[in-house]
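Colleague: Have a look at the structure that comes next, please.
Numbering (our numbering), first residue to last: 40 to 443.
Structure below.
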C-alpha cells in the first residue's frame, strides 16, 4: 500500500473494533481499535502501513489521530462504553516528541464523554529500538494520568522479561499466531509458563491475541489468559456488539477444557494413590537399610521409573541413584550420595507436605539436568526422616499423556 494513498485519503480512514473477551465471565470487556481505509470501494487493513518502517512517522501519527478521533466519537455515543485498546507506536511518540499532544487530545475526549479508566494504550514492542528508560517514563506518565497501559506484540520467543518489569504494565499481550505446525511445543509451553508466572508476579493481566483456532484458545486459557482475542472468537466489526454473539463459543470451548482438565487430574490422583499403596506394601514390616530399600523400590516400580533414590528431611541424598539402563537392568550410581537438594525451590515445601500429610506427591514437569528429558518425580515418606524420590520414565509419561 502506497503511504501517499493513505495520507491523501485520510478522510476515508476509519476504525473497526475487534472484541476482547474476559475468560472469567465470558463477556466482551472491550475492543481493540484497528485501522481501516476505504479505497475505491474496497476496505483495506492499515496494519501494513503502520508496520512498514519506511513510512514516515508523521504520516503514521496523522492517521493514528484520525482513528482515535473517530473511535472516541463513536464510543461516546454510549453512556457506559466498553474499554478501548488503542495501538501506540512508541517510536512515533519518541521521534515526534508528541506524547503531550496525545495526552492533551485524550483529556479533551474526557469532556466529550470518554471514560478515562476505560482507555488502554497498547505499546507495540516488537520493533522498538529506543531507550527502555524513555519508554518507562511514558508508561508511568500515562498510568499516573489514570490510563491503563499494555505491552503488545510480545512474541513467545521474547526473553526481555527484565525490560518488561521496568515498564510495570497493567497488561501483557501475547501473540499466539506464531504457534504453527512444527513448533517445538515443549519449549513453547515452557516460555508461556514463564510469561504467566512473570505476569502474576508483577500484577499484570495476561492477554492472548491471535487466537485462530481451538488449540490457540486452549493454550491461552491454560496459561492464565484473562483476556482472549482473535478471529476464532470474532473478527473486527464496524461497531460494538452484544456479548451473546461470541459468548456461546467461549462457554462451549472452555467447558470442554475444564472437563478435559478434570479427567487428567483424576487420572493423576488415581496414579498417586496407586503408587502410595504400592510403596506402603513394599515397606510394610520390612527392616531394610535405606540403600537396600531404594534398590527394592526401584525394581518393584520398574514399569514406571528410571531412577530412584532416598533423601533425608534436610535434603541430603542418603543412597546411590538406582538407575535403569537401556537394557532394563538396574545399576547403582554413587556419585550423588551426600549431595543436598534443598536448593531446588520446591524441595523443602514438598518434604514438609509429605512429613505431615503422610501421602505421596507428584512434581510439576521439568527437564532433567542429566538427560534433558521432560520428566516428573513421584515422592513418598518411607519413615519420619526419609523420603523416596522416583523419577518417572519419559517413555511412561509419553505413553500416558495425562501425566504431561
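Using N, Cα and C, we set each Cβ at its ideal position, and we do this for glycine too. Keep in mind it's a predicted model, so treat the numbers as computed, not measured.
Output needed for residue 120: all residues of its chain with C-beta closer than 7 Å, excluding positions within five of it in sequence on either side, in chain order.
Modeller: 114, 154 and 157
Colleague: Can you tell me which of the three DSSP states residue 123 falls into?
Modeller: Strand, per DSSP.
Colleague: Could you check what DSSP says for residue 411 in three-state terms: helix, strand or coil?
Modeller: coil
Colleague: Whose C-beta lies closer than 6 Å to the C-beta of residue 273 among residues of the same chain, with five residues either side of it excluded?
Modeller: 58 and 285
Colleague: Looking at C-alpha atoms only, which residue of 317, 210 and 427 is the closest neighbour of residue 393?
Modeller: 427
Colleague: Can you tell me which of 413, 309, 298 and 269 puts its alpha carbon nearest to the alpha carbon of residue 71?
Modeller: Nearest C-alpha to residue 71: 269.
Colleague: Going by the DSSP bridge assignment, what does residue 74 pair with across the sheet?
Modeller: For residue 74, DSSP records a beta bridge to 54.
Colleague: Considering just the uninterrupted stretch of the alpha helix (DSSP H) at residue 446, what are its terminal residues?
Modeller: Residue coverage of the chain in this structure runs from 40 to 443, which leaves residue 446 outside it and unanswerable.
Colleague: Please classify residue 391 as buried or exposed, where buried requires at least 16 neighbouring CB atoms within 10 angstroms.
Modeller: exposed
Colleague: Spatial neighbours of residue 206 within its chain, please: C-beta separation below 6 Å, excluding the five flanking residues on both sides.
Modeller: 175 and 178
Colleague: Note down, in chain order, each residue of its chain lying with its Cβ closer than 7 Å to the Cβ of residue 342, except the 5 sequence neighbours on either side.
Modeller: none
Colleague: Distance, Cα to Cα, residue 184 vs residue 123?
Modeller: 16 Å
Colleague: Extract the residue ranges of the alpha helix (DSSP H) inside the segment 126-196, only unbroken runs of 4 or more that lie entirely within it.
Modeller: For the segment 126-196, the full-length alpha helix (DSSP H) segments reaching 4 residues or more read 129-135, 138-151 and 171-183 along the chain.
Colleague: With DSSP as the reference, identify every bridge partner of residue 425, one or two as the case may be.
Modeller: The secondary-structure analysis by DSSP pairs residue 425 across a beta bridge with 351.
Colleague: Let me know the secondary structure DSSP gives residue 345 once reduced to three states.
Modeller: strand
Colleague: Taking only three categories from DSSP, how would you classify residue 361?
Modeller: In the displayed model, residue 361 falls within a strand according to three-state DSSP.
Colleague: DSSP state of residue 299, grouped into three classes?
Modeller: helix
Colleague: Please classify residue 383: does DSSP put it in a helix, a strand, or coil?
Modeller: coil
Colleague: Residues in the same chain with beta-carbon distance under 8 Å from residue 209, minus the five sequence neighbours each way, listed in chain order, please.
Modeller: 159, 182, 187, 188, 189, 243 and 244
Colleague: What did DSSP end up calling residue 265 once you bin it into helix, strand or coil?
Modeller: coil
Colleague: Determine the contact status of residue 127 and residue 161, defining contact as a CB-CB distance below 8 Å.
Modeller: yes
Colleague: Let's test the definition: count the other Cβ atoms within 10 Å of the Cβ of residue 86 and tell me whether it reaches 16, buried, or not, exposed.
Modeller: With fewer than 16 Cβ atoms within 10 Å of its Cβ, residue 86 is classed as exposed.
Colleague: Report the residue from 328, 346, 389 and 322 whose alpha carbon sits nearest the alpha carbon of residue 353.
Modeller: 389
Colleague: Considering only residues of the same chain and omitting the five flanking positions on each side of residue 149, which have a CB-CB separation below 8 Å?
Modeller: 155
Colleague: Look up residue 211 in the DSSP assignment and say whether it is helix, strand or coil.
Modeller: Three-state result, residue 211: strand.
Colleague: In terms of residues, what are the limits of the alpha helix (DSSP H) holding residue 82?
Modeller: Element bounds for residue 82: not the alpha helix (DSSP H) but the beta strand (DSSP E), 81-84.
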